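Residue numbers (this note's numbering): 29 to 764. Just so you know, even glycine gets a beta-carbon here, dropped at the ideal spot from N, CA and C. Please read all numbers here as calculations on a predicted model, not as lab measurements.
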């Protein structure tokens, strides 16, 4: 009986709750209806919505002259386009209106020029517009303007699967001479492997016979050759000027202004600058695009990225944020049209490094060729009027990409060869030298003209600090070459690919010749540079750093080449006034001997050695001279390589000149000898350094010297003397 009231109360409560919920739903539905009604009322009163509806409903054949409604609506659309851009629906309506020629051909260019997207461009609208090219009598100039617009907004098109589906239809327009350059550019952006067919290759070759070796045809054929080399037997030049120009001038300023207002993450195609520039400089006679990297962006709004990523077969590279996401979607990556944007993100660089897609590298090289050469190198003022911060940021980004990939791009290599001929050695020195150190191996027969002569002229006409920077650059270049050799050498036929992203290959012998020529060139620069600069200590250390790389060529990089420093480097380092240089030279000579001894033990490799008897003879004499100078006290004596005229020695009034450069009296180590003498005999008032030559003090002094961090001297002593420390002033010591 007690449960009955409770059940009744619960039932009443449920009815009340259900009633409240029903009232809430009705209230919510009413709010939505009111909001929808207000929205429709607002749209009905919005002039822009009315203008777009007018162009959607206007009938074919409507007259233009005296049509105030048409002019007023078009002005409204233009005002909205140039202020905040057109939404996708408006783009579709206006593009359909223009290409269908409902009101004649004269309006089409005006409408096309105001098609400034606010966010994305519907693919369906572009496909329908391309279809109109084949069914309507659009003037050729208007057709060219339309294709330019497509190229400009290519990366803003939401999807491109339908565009690739009509690849054959687009290809049919290459026979139009005026359209051909722009159609080739569009095809270049759309081409995939299955688009390459024999009849298309033949058509392009026929056009080349008719029009000549046009760059736009060569670039499209080169992409075809990347995908199907067996179909394209044409020899493609390794260095071509940019064949695809930027065709965005009618929309450049408007796109920049709209994007700035909307703060969108969408950028125009190619080199379109996203910043409004001051054009008030009267000296700037040429309209230039600037050296700014495009932003790696997706043409899709953030709200719809997740939805589209599931519905599309391809994933835009801009949507990937981590290396793990890249690995998951590696097989369905869609590259952006703005290939320069790949340089600014690590994920994109990982894609280039992992996939090694030659078509992507090809497109990126073309973009770089235009940016570096047309926009910087070939400017009338040599790029001087460009913002220094902008150029430095661009080159720094390019250099970071080189260092990330651990190799350079072929177009930056061509740019450097041309730039070196006009470079003064000061303009953007760190960036230019950094890029120079990453160029791939240069064939020995081309090295003199392309690289060595320009660098020689700069070296001998510059300050010691530029000489140091250039030697550091050449040292980095040599290390990169040797690293590429050790990574890409094919053990079977000793053939090596110099660059993993390039088709150029070089024989093992050719690579050795290039390394030999580079090291010999640096030896010549170092010898003369030390004479000109009076054995500058900083310059000498950069030279020795280079030979630290050279002495490890065999053991570290598996290249059977031995090149020792020339006398103009060895002897100035041996008698240098700073102990660091002498110690580094000792370490270098120690490593040379370790490499040579190990090489001799590898009998199967001896046939491949590029070491002459003259080289071995010079090395042995270097070791003997070094031991005689630092340990035996026999310098300038008969039978020793280092000799001076007896009259010169007498006029110098130096007592015991033959022992003036041993470890006690050497200018680099005399301070240590004096300090050690005072520590051993603090009570002595007279300084007698000869007392250090006695057996025990000499051994203690050598141990004291080695304890100061001069490991190179200690290693050289253990490697090249029969006893670890010489006795009786060196009488019992022996050279290797």
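Same chain, Cβ closer than 7 Å to residue i, neighbours up to 5 away in sequence not counted
i           : result
residue 84  : 121
residue 771 : Beyond the ends of the chain as shown, which are 29 and 764, falls residue 771; an answer cannot be given.
residue 362 : 342, 343, 344, 345
residue 616 : 572, 575, 576, 579
residue 354 : 348, 375, 378, 379
residue 249 : 232, 260, 262, 264
residue 740 : 611, 612, 614, 615, 618
residue 508 : 465, 466
The alpha helix (DSSP H) enclosing residue i, as first and last residue numbers
i           : result
residue 432 : 416 to 433
residue 706 : 698 to 708
residue 650 : 641 to 655
residue 252 : 243 to 255
residue 378 : 374 to 383
residue 734 : 723 to 734
residue 629 : 607 to 629
residue 80  : 75 to 85
residue 401 : Counting along the chain, residue 401 falls outside any alpha helix (DSSP H), and DSSP gives it neither H nor E.
residue 662 : Segment: none, residue 662 is in no alpha helix (DSSP H) and carries neither H nor E.
residue 473 : 472 to 475
residue 746 : 739 to 748
residue 356 : 351 to 356
residue 92  : Here residue 92 belongs to no alpha helix (DSSP H), and DSSP marks it neither H nor E.
residue 196 : 195 to 199
residue 581 : 581 to 585
Beta-carbon contacts of residue i that lie in its chain and below 6 Å, excluding the five residues immediately before and after
i           : result
residue 618 : 743, 744, 747
residue 136 : 126, 170
residue 545 : 472, 475
residue 520 : For residue 520, the predicted structure reports a pLDDT of 38, less than 50, and the residue's modelled location is therefore unreliable. A value from the coordinates is still provided. Result list for residue 520: empty, nothing under 6 Å.
residue 334 : Reliability fails at residue 334, whose pLDDT of 43 lies under 50, so the model's placement of it is uncertain and no value is given.
residue 458 : none
residue 738 : 611
residue 623 : 582, 583
residue 436 : 430, 466, 467
residue 564 : 492
residue 19  : The question about residue 19 has no answer, for the chain in this structure spans 29 to 764.
residue 505 : 465
Cα-Cα separation between residue i and residue j, rounded to whole angstroms
i           : j           : result
residue 252 : residue 74  : 50 Å
residue 549 : residue 480 : 8 Å
residue 605 : residue 697 : 8 Å
residue 689 : residue 708 : 22 Å
residue 217 : residue 119 : 22 Å
residue 443 : residue 464 : 10 Å
residue 422 : residue 399 : 10 Å
residue 356 : residue 348 : 10 Å
residue 328 : residue 102 : Because residue 328 carries a pLDDT of 44, less than 50, the predicted location of this residue cannot be relied on, and no value is offered for it.
residue 702 : residue 607 : 15 Å
residue 287 : residue 229 : 40 Å
residue 381 : residue 599 : 45 Å
residue 378 : residue 495 : 35 Å
residue 91  : residue 259 : 52 Å
residue 210 : residue 449 : 34 Å
residue 131 : residue 95  : 11 Å
residue 351 : residue 358 : 10 Å
residue 470 : residue 542 : 7 Å
residue 391 : residue 176 : 18 Å
residue 145 : residue 547 : 56 Å
Residue(s) in a DSSP beta bridge with residue i
i           : result
residue 114 : 145
residue 364 : The partner list for residue 364 (beta bridge, DSSP) is empty, contrary to what the question assumes.
residue 166 : DSSP lists no partner for residue 166.
residue 593 : None, per the DSSP bridge assignment.
residue 185 : 149
residue 482 : Bridge partners of residue 482: none, in fact.
residue 343 : 361
Sequence-distant residues of its chain with Cβ nearer than 8 Å to residue i (five each side left out)
i           : result
residue 387 : 219, 251, 254, 255
residue 155 : 190, 191, 194
Pick out the complete alpha helix (DSSP H) segments inside the stretch 441 to 467, 4 residues or longer, and give them in chain order. 457 to 464
Point to revise | Uninterrupted beta strand (DSSP E) stretches inside the stretch 205 to 238 (no shorter than 3 residues) | key: If only complete runs of 3 or more residues are kept, the stretch 205 to 238 shows no beta strand (DSSP E) anywhere.
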